[in-house]
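Asks: Here's a structure for you.
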Amino acid sequence: MKLLLLEDDPIIAEQIREYFELFEHRIDCYSDGMELIEEADPSRYDILLLDINTPGLSGLEVLRSFRELSIETPAIFITAMSDLEYLKAAYRSGCNDYLRKPFDLEELELRIEHLVRGTASGQVPISPRYRFDMKNERLYEGEKEVPLSRRERQLLHLLLKERGNIVPTERIKSYLWDEQEVCDNTLRTAVRKLRNKLEENFISNVRGEGYRILLSPPEP
Numbered sequence: 010m011k012l013l014l015l016e017d018d019p020i021i022a023e024q025i026r027e028y029f030e031l032f033e034h035r036i037d038c039y040s041d042g043m044e045l046i047e048e049a050d051p052s053r054y055d056i057l058l059l060d061i062n063t064p065g066l067s068g069l070e071v072l073r074s075f076r077e078l079s080i081e082t083p084a085i086f087i088t089a090m091s092d093l094e095y096l097k098a099a100y101r102s103g104c105n106d107y108l109r110k111p112f113d114l115e116e117l118e119l120r121i122e123h124l125v126r127g128t129a130s131g132q133v134p135i136s137p138r139y140r141f142d143m144k145n146e147r148l149y150e151g152e153k154e155v156p157l158s159r160r161e162r163q164l165l166h167l168l169l170k171e172r173g174n175i176v177p178t179e180r181i182k183s184y185l186w187d188e189q190e191v192c193d194n195t196l197r198t199a200v201r202k203l204r205n206k207l208e209e210n211f212i213s214n215v216r217g218e219g220y221r222i223l224l225s226p227p228e229p
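Structure, rendered in structure tokens:
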């Protein structure tokens, strides 16, 4: 999972970063709203964590600008602002949740899981044979875990989050390789390596568009 954090308190930012990196999640941190707007692509992230009162642009202004561009990445405000007016402004700007400081990091994790996973358990059945643990990014064949590289786990996570829909090639490359320039053949190689570890081919290539997880595995 990839998280984008806007937080100008370095202690809080470091606590959040360390906590989620323990679970092998990627988190990019910014302390200035204008810098975030100029440098970060919010569509590459699974969740936005935004303080409200930040330099450059406030978290409210940042999120409004994203929503005006039809970027629907789930967003949680984490803020010391407790007045009802701030809460109203946060939801009007397009947030999905609002967490007041101080907060427990495990509570933040649970709120993120609720928004990103969409299921209480985080277990997504792919077929009668396979299931994927969205929280820990682990693939299971029955009760046996299928060993995957970090990039293979991220690929499955992204495709399952959008399951049933085609995920464009460029979005997958951006998600897996961040700002690195990679060619389509590099992505095809990554998909092939993942498929080679599976007894079922549930990853479909839509020529000229991207990839998707089939809701039912193809006939052999």
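Heads up: the sequence shown begins at 10 in the working numbering, then just goes up one per residue. We treat Cβ as the ideally placed atom computed from N, Cα and C, and that holds for glycine. All of these numbers come straight from a predicted model, not from anything done at the bench.
Given this structure, state the Cα-to-Cα distance separating Arg120 from Gly42, to the nearest angstrom.
Replies: Taking the first residue of the sequence shown as position 1, residue 120 is located at position 111. Taking the first residue of the sequence shown as position 1, residue 42 is located at position 33. Rounded to whole angstroms, Arg120 to Gly42 spans 23 Å at the Cα level.
Asks: Contact criterion: CB-CB distance below 9 Å. Does Gln24 meet it with respect to chain B?
Replies: Judged by its chain identifiers, the structure shown contains no chain B, having just a single protein chain.
Asks: Give the secondary structure of Thr82 by DSSP, where H, G and I count as helix, E and B as strand, and everything else as coil.
Replies: As a position in the sequence shown, residue 82 is number 73, starting the count at 1. DSSP places Thr82 in coil when its eight states are reduced to three.
Asks: Assuming Asp17 and Pro51 are in contact, meaning their beta carbons sit under 8 Å apart, how far apart are those beta carbons, in whole angstroms?
Replies: Position 8 of the sequence shown, counting from 1, holds the residue named residue 17. Position 42 of the sequence shown, counting from 1, holds the residue named residue 51. Their Cβ separation, rounded to whole angstroms, is 18 Å, which puts Asp17 and Pro51 out of contact at 8 Å.
Asks: For Leu96, which residues from the same chain have a beta carbon less than 7 Å from its beta carbon, with the 5 sequence-adjacent residues on both sides left out?
Replies: Within the sequence shown, the letter at position 87 stands for residue 96. Once the five neighbours on either side are set aside, the close Cβ partners of Leu96 are Tyr107.
Asks: Less than 8 Å between the CB atoms is what I'm expecting for Gln163 and Leu185, so what's the real figure, rounded?
Replies: For the purposes of this step, residue 163 is taken as residue 154 along the sequence shown, with counting starting at 1. For the purposes of this step, residue 185 is taken as residue 176 along the sequence shown, with counting starting at 1. Indeed they touch by this definition, with Cβ atoms about 6 Å apart.
Asks: Using CA coordinates, which residue listed in Glu150, Phe112, Leu169 and Arg53 is at the minimum distance from Pro238?
Replies: Nothing about residue 238 can be reported from this structure: the residues present for the chain run from 10 to 229 only.
Asks: Cβ atoms of Leu59 and Phe29: under 9 Å apart, would you say?
Replies: For the purposes of this step, residue 29 is identified with residue 20 of the sequence shown, where counting begins at 1. For the purposes of this step, residue 59 is identified with residue 50 of the sequence shown, where counting begins at 1. Contact: no.
Asks: Between Val155 and Gly219, is the Cβ-Cβ spacing less than 9 Å?
Replies: The residue you call residue 155 lines up with position 146 of the sequence shown. The residue you call residue 219 lines up with position 210 of the sequence shown. No, they are not a contact pair.
Asks: Going by DSSP in three states, Arg221 sits in which element: helix, strand or coil?
Replies: In the sequence shown, the residue the question calls residue 221 occupies position 212. Strand at Arg221.
Asks: For Ile20, which residues in the same chain have their Cβ closer than 6 Å to its Cβ, ignoring the five residues on either side in sequence?
Replies: To locate residue 20, count along the sequence shown from 1; it is residue 11. Nothing listed; no residue qualifies.
Asks: Buried or exposed: Asp92, going by 16 or more other Cβ atoms within 10 Å of its Cβ?
Replies: Here the question's residue 92 lines up with position 83 in the sequence shown. Its Cβ having fewer than 16 others within 10 Å, Asp92 is exposed.
Asks: Suppose you measure from the CA of Lys202 to the CA of Asn145; what does that come to, to the nearest Å?
Replies: Taking the first residue of the sequence shown as position 1, residue 202 is located at position 193. Taking the first residue of the sequence shown as position 1, residue 145 is located at position 136. In a straight line, the C-alpha of Lys202 is about 21 Å away from that of Asn145.
Asks: Counting only runs that start and end within the segment 82 to 136, where is the beta strand (DSSP E) found for 3 or more residues in a row?
Replies: If we require 3 residues or more, the beta strand (DSSP E) runs fully inside the segment 82 to 136 come out as 84 to 88, 106 to 109 and 132 to 134.
Asks: The beta strand (DSSP E) that contains Val215, what's its start and end?
Replies: The residue labelled residue 215 in the question sits at position 206 within the sequence shown. Note, Val215: beta strand (DSSP E), Ile212 to Val215.
Asks: Have a look at Arg314 and Asp55 and give me their C-alpha separation to the nearest angstrom.
Replies: As displayed, the chain neither begins before 10 nor continues past 229, which places residue 314 out of reach and without an answer.
Asks: Using the beta-carbon count (16 or more within 10 Å), is Asp113 buried or exposed?
Replies: The residue given as residue 113 occupies position 104 in the sequence shown. Exposed.
Asks: Counting only runs of 3+ residues fully inside the segment 40 to 77, write out the beta strand (DSSP E) ranges in chain order.
Replies: Counting whole runs of 3 or more residues, the segment 40 to 77 contains the beta strand (DSSP E) stretches 56 to 59.
Asks: Taking 9 Å as the threshold (C-beta atoms), are Leu168 and Ile212 in contact?
Replies: Within the sequence shown, residue 212 is the residue found at index 203, counting from 1. Within the sequence shown, residue 168 is the residue found at index 159, counting from 1. A contact, by the Cβ cut-off of 9 Å.
Asks: What does DSSP give as the partner residues of Cys38 in its beta bridges?
Replies: On the sequence shown, residue 38 is found 29 positions in, with the first residue counted as 1. Leu14, per the DSSP bridge assignment.
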